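Its first residue numbered 56, the sequence shown is counted upward by one per residue in our numbering. A short worksheet on the structure shown next.
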Amino acid sequence: MSGLLVVGVLALGACSSDDKPDPIIPPDPYPTFQTFCAGVATAECVAPVQTACALNDDDGTLCKQEVTASCLAREIDITRGIKDTANYRKDRAEACILAISSVYTTAKISSADHTALLNACRPVFQGRLGADFACDDDVDCNDGLGCYRANVGDVQGTCQTITKKVVGQSCAAKGDVCGTGLYCAELSNGGKNCVEGSPEGGNCNKALPCVEGFICLNQDADGKGTCAAKTKSSASSSCGSDNECLSGFCAQLGEKQACLDVVGMAAGAPICDNFDGQ
């Protein structure tokens, strides 16, 4: 009797499962690059930004037009002009838009915000190249792959599965990449291990990086320089790239770029030029 009950329950379960409707999968909110740029504009042109930047744009229409046009114009830059090796990933667009919304509602951008935006928005473009294809940048390669250069200074690399290695670990295999401040050194036994880079005041070049927190400065024609501490955040500092700053954030400040922890939006600030076409 109990066996019949079990069979009956299973039969009922099977019937009920067949009657369940198929799950409704919502469509991607940004199906095209054009809709993505419109989403970026909506996320950036929020009331706090309009107020902080003193935009003469009550409903944000002009701001949205400017940001949308700027976004569309950057398509070639974002994909590095290689239309056949980079795809717009509509499934990743919403994460980028949400990250922008989270940051811009505060009308200021911190170094942590800057990193979060890069991490959320860079994957919106994904390469099409598979393993072992020649590449110039990670954006050229397909999901799960990065542009790996076997030797420092190689003009091109190949798309490989990247494996991050720490100090003391072997870096001999294809795709092995030593962490920040480390480099892949050849050993006397013919192997290769990740070892720490050059300390403050030490020599450095393309093949010999500085330890984490330091940068190779005063490089000569051969690329040889000296390791110096990265620049601390200060309005009086100057920089040319994020890599020069301890905060990892080199931002426009007046007529120059400086290492900063936070960039606030205010009337006349360079960051506000993005919203009014100046």
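Just so you know, even glycine gets a beta-carbon here, dropped at the ideal spot from N, CA and C. Predicted, not measured: the structure shown is a model, and the values here were computed from it.
Simplified DSSP state of residue i, which is helix, strand or coil
| i | result |
| --- | --- |
| residue 97 | helix |
| residue 286 | strand |
| residue 308 | strand |
| residue 327 | helix |
| residue 120 | helix |
| residue 142 | strand |
| residue 226 | coil |
| residue 194 | helix |
| residue 317 | strand |
| residue 189 | strand |
| residue 174 | helix |
| residue 272 | strand |
| residue 239 | strand |
| residue 265 | strand |
| residue 184 | strand |
| residue 281 | strand |
Contacts around residue i, its chain only, beta-carbon distance under 8 Å, and the 5 residues preceding and following it disregarded
| i | result |
| --- | --- |
| residue 145 | 83, 85, 86, 87 and 91 |
| residue 268 | 236, 284, 285 and 301 |
| residue 363 | Residue 363 is absent from the structure shown; the chain starts at 56 and stops at 333. |
| residue 199 | 216 |
| residue 89 | 127 |
Check whether residue i and residue j have beta carbons under 8 Å apart
| i | j | result |
| --- | --- | --- |
| residue 264 | residue 236 | yes |
| residue 127 | residue 154 | no |
| residue 288 | residue 301 | yes |
| residue 211 | residue 186 | no |
| residue 252 | residue 266 | yes |
| residue 182 | residue 195 | yes |
| residue 156 | residue 96 | no |
| residue 217 | residue 203 | yes |
| residue 274 | residue 293 | no |
| residue 162 | residue 107 | yes |
| residue 270 | residue 310 | no |
| residue 278 | residue 261 | yes |
Opening and closing residue of the alpha helix (DSSP H) in which residue i lies
| i | result |
| --- | --- |
| residue 149 | 145–159 |
| residue 294 | Per DSSP, residue 294 belongs to no alpha helix (DSSP H) and is neither H nor E. |
| residue 215 | Taken as a continuous stretch (DSSP letters only), residue 215 belongs to no alpha helix (DSSP H), being part of the beta strand (DSSP E) at 212–215. |
| residue 205 | It is not in any alpha helix (DSSP H) - residue 205 carries neither H nor E in the DSSP assignment. |
| residue 107 | 102–107 |
Endpoints, beta strand (DSSP E) assigned at residue i
| i | result |
| --- | --- |
| residue 232 | 231–233 |
| residue 248 | 247–251 |
| residue 218 | 218–220 |
| residue 302 | That residue, residue 302, is in no beta strand (DSSP E); it is neither H nor E in DSSP. |
| residue 163 | 163–165 |
Own chain residues within Cβ distance below 6 Å of residue i, not counting five before or after
| i | result |
| --- | --- |
| residue 325 | 307 |
| residue 93 | 123 |
| residue 201 | 193 and 217 |
Other residues of its chain near residue i: CB distance less than 7 Å, five sequence neighbours each side excluded
| i | result |
| --- | --- |
| residue 248 | 223, 224, 225, 226, 240 and 242 |
| residue 272 | 280, 281 and 283 |
| residue 166 | 302, 303, 304 and 316 |
| residue 132 | Note that residue 132 has pLDDT 48, beneath the 50 cutoff, so the model's placement of it is unreliable and the number below is only indicative. Nothing meets the Cβ criterion. |
| residue 150 | 175 |
| residue 101 | 159 and 160 |
| residue 170 | 303 |
| residue 168 | 158 |
| residue 213 | 187, 188, 189, 190 and 203 |
| residue 104 | 159, 162, 320 and 330 |
Taking contact to mean at least 3 C-beta pairs separated by less than 8 Å, is the stretch 315–322 in contact with the stretch 111–121? Fewer than three Cβ pairs drawn from the stretch 315–322 and the stretch 111–121 lie within less than 8 Å of each other, which leaves the two stretches out of contact.
Assess contact between the stretch 181–196 and the stretch 219–226, defined as three or more Cβ pairs (one per stretch) separated by less than 8 Å. Is contact present? The stretch 181–196 vs the stretch 219–226: no contact.
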